[in-house]
Structure formats: structure tokens, C-alpha cells
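Peer 1: Sequential numbering of the sequence shown, starting at 0, is according to numbering that gives the first Met the number 0.
Think of the CB as a built atom: it goes at the ideal place given N, C-alpha and C, for glycine as much as any other residue.
Here the structure is a predicted model, which is why all the values come from computation and not from measurement.
I'd like to ask you about the structure that follows.
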Amino acid sequence: MKKSIALSLLAAGMLAASLSAPSRATEIKAAQYLSPKHPLGAGYEVFKDVVQKESGGKIKVRVFAGGALLAAKAQSDGVRDGVADVAPLVMSYTPSYYPHGLLMGDLAMFGPNDTAATFALSELYVMHCPGCQEDARKQNQIQLAGFSTPQYVLVGKGAMNTLETIKGKKLRAGGPLWARFAESVGAIAVNIPSSEIYEGLSRGIIDAAMYARGGLKTHGLADVADTVSEVPLGSFRVSTYFSWNLDSWKKLTPEERIIVFKGMAAGTVAMLRTYADGEKDGVALGKEKGIKFLQPDAAMTKAVDDFVEKDGQETISRWTEKGLTDAAEVVDTYKKLYRKYEALVTPIMEDDEKLSELLYNEVYGKLDPKTYGVQ
Numbered sequence: 000m001k002k003s004i005a006l007s008l009l010a011a012g013m014l015a016a017s018l019s020a021p022s023r024a025t026e027i028k029a030a031q032y033l034s035p036k037h038p039l040g041a042g043y044e045v046f047k048d049v050v051q052k053e054s055g056g057k058i059k060v061r062v063f064a065g066g067a068l069l070a071a072k073a074q075s076d077g078v079r080d081g082v083a084d085v086a087p088l089v090m091s092y093t094p095s096y097y098p099h100g101l102l103m104g105d106l107a108m109f110g111p112n113d114t115a116a117t118f119a120l121s122e123l124y125v126m127h128c129p130g131c132q133e134d135a136r137k138q139n140q141i142q143l144a145g146f147s148t149p150q151y152v153l154v155g156k157g158a159m160n161t162l163e164t165i166k167g168k169k170l171r172a173g174g175p176l177w178a179r180f181a182e183s184v185g186a187i188a189v190n191i192p193s194s195e196i197y198e199g200l201s202r203g204i205i206d207a208a209m210y211a212r213g214g215l216k217t218h219g220l221a222d223v224a225d226t227v228s229e230v231p232l233g234s235f236r237v238s239t240y241f242s243w244n245l246d247s248w249k250k251l252t253p254e255e256r257i258i259v260f261k262g263m264a265a266g267t268v269a270m271l272r273t274y275a276d277g278e279k280d281g282v283a284l285g286k287e288k289g290i291k292f293l294q295p296d297a298a299m300t301k302a303v304d305d306f307v308e309k310d311g312q313e314t315i316s317r318w319t320e321k322g323l324t325d326a327a328e329v330v331d332t333y334k335k336l337y338r339k340y341e342a343l344v345t346p347i348m349e350d351d352e353k354l355s356e357l358l359y360n361e362v363y364g365k366l367d368p369k370t371y372g373v374q
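Quick look at the structure:
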């Protein structure tokens with residue numbers, strides 16, 4: 000009898016202790032390879048703040064910035080292996096992993112609005128591209144947000160806003176698409192990383208860089224360039240902004256996934272806003288330094304449009320020949336989504352709250368948090 004009472008008291012004590020013990024917070028390890036002040040990093044800081052606030056502290060997000068957890072080229076394998084739960088991925092670093100992502104990269108000159116492109120890519124990856132998600136699943140990942148830098152233009156020495164002035168010029172090209180464009184207008188593509196643009200311009204290795212206006216400040220290009228030719232050259236889009244480890248995603252509860260969806264919408268918009276602010280700062284500095292900003296003439300504009308149309312068709316053929324049988328369908332879907340979002344975001348471009356609501360309502364809010372990415 001005494002033994003029975005003792006056991007009952009012990010069991011009751013254990014139950015009381017378990018009920019009084021605080022529940023353990025869910026921890027999310029996020030890795031990104033740039034400064035927290037860089038647009039890519041700024042978005043992750045907002046993601047962290049929103050998730051922690053919306054969860055009442057029940058979800059803790061640890062952001063490892065500046066490559067502290069994973070270097071840029073290690074992001075994909077690191078997410079796959081669970082070193083990080085979530086990270087932005089540059090898909091061109093591991094091109095064999097993400098053929099659909101590289102296909103999208105070949106469409107980077109379609110449409111000038113980087114917000115519309117980011118939203119369109121997000122909806123495409125999440126809702127309309129089984130092949131994209133299959134690429135990710137093979138890497139034990141799930142892709143949950145698109146990405147785009149601001150529009151590229153020609154930042155360099157001398158005018159290059161006409162077909163006559165661009166011919167024969169050496170242009171820094173950040174990928175095969177821009178190399179093909181350079182060739183199409185009689186220019187010479189030079190492959191150097193963005194970190195070497197300043198030196199390339201100052202030493203005459205290149206005449207101009209196909210790069211964003213923000214580089215006038217962030218990369219010091221206002222000190223070595225004298226002209227910005229506003230030729231619309233697309234933007235870098237061969238990335239996903241939030242790629243999750245599939246096992247980590249499945250461990251979240253449906254309620255936690257809803258909170259994460261809200262955080263990703265806010266973080267994506269914060270990334271875009273920080274880029275946009277950087278563009279304004281770059282232009283302001285350029286004007287202060289006396290840099291000329293030149294609009295392309297009609298012939299140059301037509302040459303760009305003709306190239307985008309022709310290269311787009313060749314892109315479909317090229318990727319179909321490589322075995323991507325859904326290339327035409329994916330391209331058509333993306334173009335429709337881009338046009339949809341271009342119309343939706345244009346009136347609200349200066350309102351981050353409305354942009355976040357739009358992305359959430361059009362993409363994340365339409366997903367079933369109980370089953371998406373789990374089944």
C-alpha cells in the first residue's frame with residue numbers, strides 16, 4: 000500500500016513538472032553569405048523579426064550572416080545536408096542541380112520590374128512548376144521564394160545608348176545571357192566578377208559593366224565611370240531567396256508554417272526595398288559626381304526588344320534539347336505571371352505593407368499549411 004502511494008505521488012509529481020515546464024522554442028537556422036546590411040541580408044533580418052514577433056517568441060530564428068555558417072557556394076549543399084534550415088541559393092553555383100532555375104536565368108531580360116519578376120518567380124516555383132520543385136526535392140529542399148536584383152544598365156566610360164556607340168565596346172557580362180546580348184549588338188563580352196568591375200573600368204579592361212545603378216555607390220563605380228546608359232538589360236534572377244531543408248520544413252507545425260509564410264513575404268519585400276533604396280542612393284551620388292544618365296535611342300530599344308524575343312525562343316529550343324521537356328510551358332507560365340504582377344505591383348511600389356500583403360495573399364495564403372511540402 001505504501002509502495003503504491005509512493006508511486007502515485009511520484010507519477011503525479013512528474014506530471015506536474017512536465018505541465019509546469021516551459022515548452023521548448025522551435026529554432027530555425029538561417030544562413031546567408033553577405034552583410035546584414037546588404038539587401039539580401041536585410042530581408043533575412045526582417046524575416047527573423049516577423050517570425051519571432053508573430054510566434055510570440057515560440058520560434059527563434061538565428062541568422063548566420065556573412066558566410067559564418069555557409070559560404071555562398073556551399074549554401075545549396077549545406078541546406079540539403081541540414082547544416083542550415085533555410086538559405087538563399089545562387090543556383091548557377093551548382094548548375095547541374097537546378098536546370099529549371101537556369102532556364103529562368105536565361106529569361107532575365109524579360110521584363111524590367113524586379114518586384115514583378117520576384118513575385119512571378121515566387122508563384123511559379125511554389126504553385127506552377129512541378130519540375131522546379133522536383134529539382135529541389137532531389138536536393139532535399141523546397142523552394143519558397145524567387146529573387147531578382149534591380150535592373151541592369153550600362154555603367155561605364157562614354158555613351159553607349161546607341162548601336163553606333165556600343166559597337167566594339169568591351170562590356171562586363173555577368174552570365175551567358177548578357178554575353179549573347181553583347182555579341183548581338185557588336186560589343187565584346189568580358190567575364191569578370193562584380194568585385195573586379197571597379198578595377199576593370201579604371202584600368203580599361205572593360206568600357207562598361209552591365210550592372211545595377213546601385214553599384215555607383217556600393218562598388219565605388221561613381222569614381223571611375225562618367226556615363227550611365229539606361230539600356231534595359233534585365234537583372235540577376237538565377238536564385239531562390241528562401242530555400243528550405245525539406246526535413247526541417249516537415250518538422251514545423253501548420254501554425255508555424257503560416258507564421259513562416261508571413262515572414263517570407265515580409266522578408267522578400269524588405270530585400271527588394273533595400274535594393275531600391277540602394278538604386279536611389281547610387282543615382283543621387285552619380286548625379287552629384289556629374290555622371291551623365293542617357294536614355295537609349297529608338298534603334299537601341301528595338302535591338303533590345305528583338306534580342307529578348309529571339310533569344311527567348313532559342314532558350315526554349317536549347318533547354319528542350321537538353322531534356323527539359325516542360326521548358327516551353329514553364330516559360331509561357333512565367334511570362335503570364337510577370338505581366339500579372341507588373342500590373343498589380345506598379346500602383347503600390349512605394350508601399351511595403353501592401354506589397355507584403357499582395358505576395359502573401361497571391362501565393363502563400365493559397366497554400367495548405369498542413370500539406371504543402373509535406374505530402
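Which residues does DSSP list as the beta-bridge partners of Ile-141?
Peer 2: Paired residue(s): Trp-243.
Peer 1: Note down, in chain order, each residue of its chain lying with its Cβ closer than 7 Å to the Cβ of Pro-21, except the 5 sequence neighbours on either side.
Peer 2: Note that Pro-21 scores 49 on pLDDT, short of 50, meaning its location in the model is unreliable; the coordinates nonetheless yield the value given after this. No residues qualify anywhere along the chain.
Peer 1: Can you look up Glu-229 in the DSSP assignment and give me helix, strand or coil?
Peer 2: Three-state DSSP puts Glu-229 in coil, outside helix and strand.
Peer 1: Evaluate Asn-244 with the Cβ neighbour count: other Cβ atoms within 10 Å of its Cβ, from every protein chain shown; 16 or more gives buried, anything less gives exposed.
Peer 2: So Asn-244 ends up on the buried side.
Peer 1: Excluding the five sequence neighbours on either side, which residues of its own chain have a C-beta within less than 6 Å of the C-beta of Phe-63, listed in chain order?
Peer 2: Contacts found: Ala-30.
Peer 1: What would DSSP say about Ile-258, mapped onto helix, strand or coil?
Peer 2: Ile-258: helix per DSSP, three-state reduction.
Peer 1: Using 10 angstroms around the beta-carbon of Asn-112, count the other beta-carbons present and answer buried if the total reaches 16, otherwise exposed.
Peer 2: Label assigned to Asn-112: buried.
Peer 1: If you draw a straight line from the C-alpha of Ala-115 to the C-alpha of Ser-183, how long is it?
Peer 2: For Ala-115 and Ser-183, the distance between alpha carbons rounds to 26 Å.
Peer 1: Cα separation between Lys-57 and Thr-117?
Peer 2: Whole-angstrom Cα-Cα distance: 29 Å.
Peer 1: Quick one: what does DSSP say Ala-390 is sitting in, helix, strand or coil?
Peer 2: No answer is possible for residue 390: the residues shown for the chain start at 0 and end at 374.
Peer 1: Look at Gln-74 and Pro-87 and say whether their C-beta atoms are less than 9 Å apart.
Peer 2: Going by C-beta atoms, Gln-74 is nearer than 9 Å to Pro-87.
Peer 1: With 16 other CB atoms within 10 Å as the buried threshold, where does Ser-34 fall?
Peer 2: The residue is exposed, with fewer than 16 neighbouring Cβ atoms inside 10 Å.
Peer 1: I'd like to confirm the pairing. Which residues does DSSP put opposite Glu-26 in its beta bridges?
Peer 2: Paired residues: Lys-59.
Peer 1: Judging by CA-CA distance, which residue of Ala-41, Ile-187, Lys-353 and Gly-174 is the nearest neighbour of Tyr-210?
Peer 2: When only C-alpha atoms are compared, the closest one is Gly-174.
Peer 1: Are the beta-carbon atoms belonging to Thr-148 and Phe-235 less than 9 Å from one another?
Peer 2: Taking 9 Å as the Cβ cut-off, Thr-148 and Phe-235 qualify as a contacting pair.
Peer 1: Starting from Phe-146, follow the beta strand (DSSP E) in both directions and report where the run begins and ends.
Peer 2: It is not in any beta strand (DSSP E) - Phe-146 carries neither H nor E in the DSSP assignment.
Peer 1: By Cβ distance, which residues of its chain are closer than 8 Å to Asn-360, with the 5 residues on each side in sequence left out?
Peer 2: Correct list: empty, nothing qualifies.
Peer 1: How long is the line joining the alpha carbons of Ile-196 and Ala-224, rounded to whole angstroms?
Peer 2: In a straight line, the C-alpha of Ile-196 is about 10 Å away from that of Ala-224.
Peer 1: Exposed or buried, which one is Ser-238 when buried takes at least 16 other CB atoms within 10 Å?
Peer 2: Counting Cβ neighbours within 10 Å, Ser-238 comes out buried, since at least 16 surround it.
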